[in-house]
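One structure is given below, encoded as structure tokens.
Residue numbers (my numbering), protein chains in the order written: chain S, 644 to 987; chain W, -9 to 616.
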């Protein structure tokens, strides 16, 4: 996302906005205690820092609890149809590359009914920021399993437990060629805010998975590793160029044995640990990291991958600009076509 | 380039005022190219003409097989004509399968040119012939010209560095050269085209030109050919003309609308027969600011277009019937969000995958009703290939003025058919007007124009108009989410009224023929030519028959009901199982008589004539002969 405006410099003429400027007049209608409140708040805190006028920002969403998001942000917003937000955002951004576009989606909206569009948005590298709220359940339809629910999960539509394998959003994004892939969690507000800001500033398709607690239909889905008192020992924060260390006193580390990550207790030095590198063209490393899950491993949070590549909307615009240079467009000549005859 | 018309009438020719010719061969024989090149030459020569390409859905069906036969028919005339002709006067059959599948249409005594070199045991067997029809006397009622095109052509290419396959492939140019000679056409238009087309491949160019000239010389020198025909140029309105197909005209109309509006065009589409050519054309118009997106599916295509519409640009998606079905949910979002959107549906034979390369008009009710909820959209339909240009512009005029989706129902017959077209002057084309939200007259995005009921088109970038829209029902006043009973009632009626108001903004329907009388032929879309010709024929026989063609299908022209009331009977010929007739009967309580052909082929004039006679009580019950 071209946060610092497309000409590369901060636009000093834009008045400093505050979080309040991005709060709409609509009453927020999520269940009390929902993780969505935190994501909304961190986004509203992030937006002023982008230094982009409100009217040049568009939030596009599909259907589901998360997709109510645009109503609560005082920018342009489009609450569209189930699963199609990535397609609508692609058209919007391609038509008007100067706009700043966010897609807000969920695990059902983005990975089930709209999985195809999400994959193609990431593949094309459309310069938008996709925030996927992953609560591993269907909330708005009242509690059916989602494509990220773990196998065996008991829900209304699976009274004996689901018989489906879950999809990992990070792996899907990596395999689709996303140029920015990150993960955060609703209850770590500082990390979430920082991750959203980094994603918004990335030029190209940014994908952020946010672990989001649905306190009604899937309460505590992430509690075993994301609760405040266990978080430091059960999650590892990925930082580019730094060794994978975690724990209250950074007493645990991760190293690679071939393609297999291993937990190292009290590592002697950073040298024996896996150093994170977000800039690799190949996706082997982030794929391995995405495979780490509690309880065998700490759950990774942070940026898995961030690489530079031409954007779809930019390339489309470049072709228009180049074509306009020569020959001089002549609509009458176009209508007349290559061969005419004159009837007298 | 522009050519002045002269009439190089040769002394040894028979003058005819209309000829219909069909080229038929294997789908790998280049019959579409042969037909197109003959058409271009004929158009430049000054005849009026109409074409009917007819090809299989398979890119390469098994060589020599019956399903693999590809045909191209054109009718050219020194008069104003409306159809590609019912039955060919001349048939070129490049192999036995082409002969077998097309012979039944050739008029008795018609000219039959066959490549006898292809009538070998293998090809005869593939076509299902037990005896060679060239030898068993079964073709005695036609003027048969047996020419070993394959061998003659190979001889003409002697010395060129070309494989046997490439030599064989140029035999369509041999046939083309021969037919150009037969109908007294010059070769220069084809030569110019080939020289440009094959400029990077001089050997292939040389082969095609040699083939063309050899075929032409064969006509000149061979004693096989006893007759030559001449169809003088047509008396048509003066002006500068070009040859144009429906899909070309459609794409040109869209880019012209964008030029007139001064607003960029965004086209998102998923490839589908027979609409893909519109994507190809528009993709080549980048210098006019046209952005095209080959979407991952039909749904993405309509949604991307909606995104562009929300962004304030001219948004367009194109497809055929199966794709329209997939787009219906997206279309409804545009209805609900009150966004301008144009959807091109180049109809083909359905249901489901149906017959992708065959024409039909069976998406009218889908366009009209194929969405959840009460969801009216405007629907228009071009009547000729050239009319596609005008209806493309008309679609955007309506969409932008009324903030509604507009569906254009073209069809495979119009899309691939072609005609000479009087090139319009830009100054004669009505403007395409639009405006984004104007702070002087609107304070928010749901403030409505009292005349059109269109809401303000507030687009990102406009400070002070930040708003949220979506598929949920909205308050009539503010556009905020609203589930109140009275509001939903009012919004549903408003959406309907906004589309109904388009009727005040479109021309009255015009009647050809008597303004009142016994029978009115009422049609829409690509059947215009056949219906108009059948009406003309009936009147020339002294019958009280008029015809009227609907270009605006929803809403109908305001005078339509009154027009229908002036005739004793209304006959509705359609290439579907009765769709316009349903709408007409329900809206006007008129006992419209459906006349339906669902064969993947356009109407023949004679079929409509037969039905007219039945309805007027001067002929027996009409039955199709398929």
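The C-beta atom is built at its ideal place from N, Cα and C for all residues, glycine as well.
Query                                                                                                                          : Result
Within-8 Å CB hit, residue 721 of chain S to chain W                                                                           : yes
Chain-ordered chain S contacts of residue 256 of chain W [CB-CB under 9 Å]                                                     : 734, 737, 738
Min CB distance residue 962 of chain S to chain W below 8 Å                                                                    : yes
Nearest-angstrom Cα separation, counted from residue 573 of chain W out to residue 551 of chain W                              : 12 Å
Short CB-CB distance (under 8 Å) between residue 333 of chain W and chain S                                                    : no
Inter-residue Cα distance where the pair is residue -4 of chain W and residue 148 of chain W                                   : Bear in mind that a pLDDT of 38 at residue -4 of chain W, under 50, signals an unreliable position, so the number given afterwards is only what the model happens to contain. Roughly 36 Å between the two C-alpha positions.
Length of the line joining the Cα atoms of residue 57 of chain W and residue 51 of chain W                                     : 7 Å
Option in W:313, W:519, W:395 with minimal Cα separation from residue 65 of chain W                                            : W:519
is_contact[residue 714 of chain S, chain W] using C-beta, thresh 8 Å                                                           : yes
4-residue-minimum alpha helix (DSSP H) runs that sit fully inside the stretch 789 to 855 of chain S, ordered along the chain   : 812 to 818, 832 to 844
Strand pairing of residue 564 of chain W, partner residues [DSSP]                                                              : W:586
Among W:219, W:214, W:286, W:104, the one whose alpha carbon lies nearest that of residue 764 of chain S                       : W:286
Within chain S, partners of residue 232 of chain W - CB distance below 9 Å                                                     : 978, 979, 980, 981, 982, 983, 984
Cβ pair count under 8 Å reaching 3, the stretch 954 to 973 of chain S against the stretch 908 to 915 of chain S                : no
Among W:433, W:256, W:570, W:319, nearest to residue 369 of chain W - alpha-carbon criterion                                   : W:570
Residue span of the alpha helix (DSSP H) that contains residue 874 of chain S, given as start and end                          : 874 to 877
The stretch 14 to 39 of chain W: positions lying closer than 9 Å to chain S by Cβ                                              : 30, 33, 34, 35, 36
Closer than 8 Å at the beta carbon, the chain W residues around residue 959 of chain S                                         : 281, 283
Expected contact under 8 Å - CB spacing of residue 395 of chain W and residue 333 of chain W to nearest Å                      : 6 Å
Distance, residue 233 of chain W Cα to residue 410 of chain W Cα                                                               : 4 Å
First through last residue of the alpha helix (DSSP H) which encompasses residue 377 of chain W                                : 377 to 392
Contact list for the stretch 285 to 302 of chain W against chain S, Cβ threshold 9 Å                                           : 285, 286, 287, 289, 290, 291, 292, 293, 294, 295, 296, 297, 298, 299, 300, 301, 302
contact_flag[the stretch 713 to 722 of chain S, the stretch 667 to 677 of chain S] where n(CB pairs < 8 Å) is 3 or more        : yes
Close beta carbons around residue 786 of chain S, own chain, < 7 Å, minus the five adjacent residues each side                 : 780, 798, 799, 860
Interface flag, residue 463 of chain W vs chain S, CB-CB below 8 Å                                                             : no
Short CB-CB distance (under 8 Å) between residue 701 of chain S and chain W                                                    : yes
Segment contact flag, the stretch 384 to 393 of chain W with the stretch 354 to 366 of chain W, C-beta cutoff 8 Å, min 3 pairs : no
Given 8 Å, three or more beta-carbon pairs between the stretch 305 to 315 of chain W and the stretch 436 to 456 of chain W     : no
Residues within the stretch 432 to 462 of chain W neighbouring chain S, beta-carbon criterion of under 9 Å                     : 448, 449, 450, 451, 452, 453, 454, 455, 456, 457, 458, 459, 460, 461, 462
Proximal residues of chain S, C-beta to C-beta of residue 136 of chain W below 9 Å                                             : Those do not exist, as residue 136 of chain W stays about 35 Å from chain S at its closest Cβ, beyond 9 Å.
Residue ranges of each alpha helix (DSSP H) within the stretch 266 to 294 of chain W, 4 or longer                              : 266 to 273
Option in S:795, S:903, S:773 with minimal Cα separation from residue 839 of chain S                                           : S:773
Proximal chain W residues relative to residue 974 of chain S, where beta-carbon distance stays under 8 Å                       : 245, 246, 249, 278, 416
Chain W contact for residue 751 of chain S (CB, 8 Å cutoff)                                                                    : no
Any chain S beta carbon closer than 8 Å to residue 601 of chain W                                                              : no
Same chain only: Cβ atoms within 7 Å of residue 706 of chain S, ignoring 5 sequence neighbours per side                        : 724, 725, 752
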